[in-house]
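Notes for the one structure printed next.
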Amino acid sequence: MDSRQIDGVRFADFALDYGRRQLLRAGADVHLSPKAYQLLTLLVMNRPKAISKDAIIAHLWPDTFVSEVNLPALIAELRTALQDAPRDSRFIRTAYAFGYAFCADAQPLMHHGADQIRPAAAFLLWKRKRFDVIAPETVLGRGREAG
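Here my numbering is used: the first residue of the sequence shown is -10, the next is one more, and so on.
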């Protein structure tokens, strides 16, 4: 039985581990407040779709009245942790007068049992994009059976 499972994503030199609720950069822990971690996870899991400010606030603070000014503070925390600039963003895109989106390519990460999270063992580079090979067998091509 294969004990590996997808439990996070890799983007640039970051790894977001859902199970451990941790953001890593080049293997080192990057501190995020619990709300900032929740926000990053929400944006990554819904990529590349933009999420409205109202939907984000409802997700992060259910059944609580929260001023909209709290959200830009969390976005600023994320951008600082990711070393991301608002005007030339690599990770968090502002959908002006609407909300935010995660805009980077992200690849699944595999857990190997109770061990550490690791990227896929093999990958394919095509048109400057990296595609991790995560299944024991991967079919390449244009057909529906292609992985």
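By construction, the Cβ of each residue, glycine as well, lies at the ideal position given by its N, Cα and C atoms.
Annotated as distal: residue 14 and residue -4, with beta-carbon spacing of 7 Å or more.
The C-alpha of residue 76 is placed about 19 Å away from the C-alpha of residue 41. Counting only residues of its own chain and dropping the five nearest sequence neighbours on each side, residue 7 has a CB closer than 7 Å to the CB of -4, -3, 30. The shortest C-alpha to C-alpha distance from residue 85 to any of 11, 35, 39, 0 is the one to 39. Of the other Cβ atoms in all chains shown, fewer than 16 fall within 10 Å of the Cβ of residue 16; this residue is therefore exposed. A residue is called buried when at least 16 other Cβ atoms come within 10 angstroms of its Cβ; residue 4 meets this threshold and is buried.
Cβ neighbours of residue 87 within its own chain (closer than 8 Å, five residues either side excluded): 39, 41, 42. Per DSSP, the beta bridge partners of residue 13 are 4, 18. For residue 36, same chain residues with a beta-carbon under 6 Å away, outside a window of 5 residues either side, are 91 in chain order.
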